[in-house]
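Trainee:
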Amino acid sequence: MKSRIFVTADNSSTLFSEDFGEHYHSINGALTESKHIFINLGFLSIEKPQISILEIGYGTGLNAILTFLANADRQSSVYYHGIEKFPVDGNTLLELKYQNYLKISQQKMSLFADNWDSAIRIDNNFELFKQCVDFNEFIPNKTYDIIYFDAFSPETQPDMWKVENLEKILTCLSTGGVFVTYCSRGDLKRNLRYLGMNVKRFSGPPGKRHVLRATKI
Ligand SMILES: C[S@@+](CC[C@H](N)C(=O)[O-])C[C@H]1O[C@@H](n2cnc3c(N)ncnc32)[C@H](O)[C@@H]1O
């Protein structure tokens, strides 16, 4: 996929996809957005000794890297399953320079980019499985505690957000588990409620009024 690097308002970088005409993160701050939605509202909301996470739209791996770093303070045993149809190559990931402002070595960073389709250990508490697959064809066969839903917007890729796709992953969410996303559209909220989720709206990161966290009842 064709993409170029874009520096966002908090000085962290993201990619702009030429094919989809959309940035991978908010231009008002990639790092700020990822931390606010996926780490603070998602990962840190679940306290368990063992946590499994499914990410739809692995992209640059920023959410995975931030989850790994957040877990250093908690030491849960994390299984992180990212799915992605168009993997970003390792060189591009290093060019985003996340290693310059996150506490992570270049060597560890590369682990988040390479090794597709086989589970690897980043450390004793973090197992990463990056699967190259089209979400529309993905068949989950595990239970997850957290779903990071980070697809391109419903305007750009409506198929990703269709109720059948939401249903197949929410079926695999454990009771009390959470689904977090940057999108707060009314039709998404309605679909999540229809699928039995308790939907809550939260203030968004800069430039975004609201984001969603839905909990499985
Ligand atoms: C908003 S970006 C994800 C940002 C990512 N979470 C990050 O931290 O960089 C959306 C991602 O969905 C991926 N994608 C697009 N269509 C897909 C599909 N059919 N199946 C799986 N992934 C897809 C894109 O390649 C892109 O990486």
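If you're matching positions, the sequence shown starts at 0 in numbering that gives the first Met the number 0 and goes up one per residue. Glycine included, C-beta positions come from ideal geometry on N, C-alpha and C.
1. DSSP on Arg192, reduced to helix/strand/coil?
2. Below 7 Å, is the gap between the Cβ of Thr51 and the nearest heavy atom of ligand 1?
3. Since I believe Val87 is in contact with Leu14 (beta carbons under 8 Å), could you give me their beta-carbon distance rounded to a whole number of angstroms?
4. Do Glu94 and Ile36 come within 8 Å of each other at the CB atom, strictly closer than that value?
5. Just curious, the alpha helix (DSSP H) that Glu166 is in, first and last residue?
6. Ala213: buried (16+ other C-beta within 10 angstroms of its C-beta) or exposed?
7. Pull up the distance between the alpha-carbon of Gly175 and that of Ile216, whole angstroms please.
8. Could you tell me whether the segment 117 to 126 touches the segment 69 to 82, where touching means 3 or more Cβ pairs closer than 8 Å?
9. For the pair the segment 13 to 27 and the segment 104 to 117, tell me if three or more CB-CB distances fall below 8 Å.
10. Between Val177, Tyr181, Gly60, which lies nearest to Tyr143 when the distance is taken from Cα to Cα?
11. Less than 7 Å separating the Cβ of Leu61 from some heavy atom of ligand 1?
12. With distances taken Cα to Cα, identify the nearest neighbour of Lys107 among Glu136, Glu46, Leu61, Ser76.
13. So, under 8 Å CB-CB, Ile103 and Ser75 are touching, yes? Tell me the CB distance rounded to an integer number of Å.
14. Within 10 angstroms of its Cβ, does Tyr100 collect 16 or more other Cβ (buried), or is it exposed?
15. For Phe85, which three-state DSSP category applies?
16. Taking contact to mean 3 or more Cβ pairs, one atom from each stretch, closer than 8 Å, check whether the segment 142 to 161 and the segment 52 to 61 are in contact.
17. My output table needs one value for Thr155: the three-state DSSP class, helix, strand or coil.
18. So Leu66 is in the alpha helix (DSSP H); what residue range does that whole segment cover?
19. Cβ of Gln74 within 7 Å of any heavy atom in ligand 1?
20. I'd like to know whether the C-beta atoms of Lys96 and Trp115 end up nearer to each other than 8 Å.
21. Any idea if Tyr181 is buried or exposed, counting beta-carbon neighbours within 10 angstroms, 16 or more meaning buried?
Mentor: Checking against the coordinates, here is how it stands:
1. Against the sequence shown, residue 192 aligns to sequence position 193. The answer is helix: DSSP assigns Arg192 an H, G or I state.
2. Sequence index remark: in the sequence shown, residue 51 carries index 52 (1-based). Reading off the sequence shown, one finds Ser at residue 51, where the question assumed Thr. Not under cutoff, so the answer is no.
3. Here residue 14 is taken as the residue at index 15 of the sequence shown, counted from 1. Here residue 87 is taken as the residue at index 88 of the sequence shown, counted from 1. That pair is a contact at about 7 Å.
4. Within the sequence shown, the letter at position 37 stands for residue 36. Within the sequence shown, the letter at position 95 stands for residue 94. Not in contact: Ile36 and Glu94 (Cβ atoms no closer than 8 Å).
5. Walking along the sequence shown from the start, residue 166 turns up at place 167. It spans 162 to 169 - the alpha helix (DSSP H) in which Glu166 sits, taken as one unbroken run.
6. Your numbering for residue 213 matches position 214 in the sequence shown. Ala213 should be labelled buried.
7. Numbered from its first residue, the sequence shown carries residue 175 at position 176. Numbered from its first residue, the sequence shown carries residue 216 at position 217. Their backbone Cα atoms lie some 6 Å apart in a straight line.
8. Contact between the segment 117 to 126 and the segment 69 to 82 is established, with three or more Cβ pairs separated by less than 8 Å.
9. no
10. Numbered from its first residue, the sequence shown carries residue 143 at position 144. Closest by alpha carbon: Val177.
11. Looking up residue 61 in the sequence shown gives position 62. Within the cutoff, so yes.
12. Against the sequence shown, residue 107 aligns to sequence position 108. Looking at the Cα atoms, Leu61 is the closest of the given residues.
13. Against the sequence shown, residue 103 aligns to sequence position 104. Against the sequence shown, residue 75 aligns to sequence position 76. 18 Å between Cβ atoms; not a contact.
14. For the purposes of this step, residue 100 is identified with residue 101 of the sequence shown, where counting begins at 1. It is exposed - the Cβ of Tyr100 has fewer than 16 other Cβ atoms within 10 Å.
15. Indexing the sequence shown from 1 puts residue 85 at position 86. Looking at Phe85 - three-state DSSP - the assignment turns out to be coil, as it is neither helix nor strand.
16. yes
17. Walking along the sequence shown from the start, residue 155 turns up at place 156. Thr155: coil per DSSP, three-state reduction.
18. For the purposes of this step, residue 66 is taken as the residue at position 67 of the sequence shown. Note that residue 66 is Thr in the sequence shown, not Leu. For Thr66, the enclosing alpha helix (DSSP H) has its first and last residue at 61 to 70.
19. Stepping through the sequence shown from its first residue, residue 74 is reached at position 75. Outside the cutoff, so no.
20. Start at 1 with the first residue of the sequence shown, and residue 96 comes out as number 97. Start at 1 with the first residue of the sequence shown, and residue 115 comes out as number 116. It is not a contact, given that the beta carbons lie outside the stated cut-off.
21. Taking the first residue of the sequence shown as position 1, residue 181 is located at position 182. So Tyr181 ends up on the buried side.
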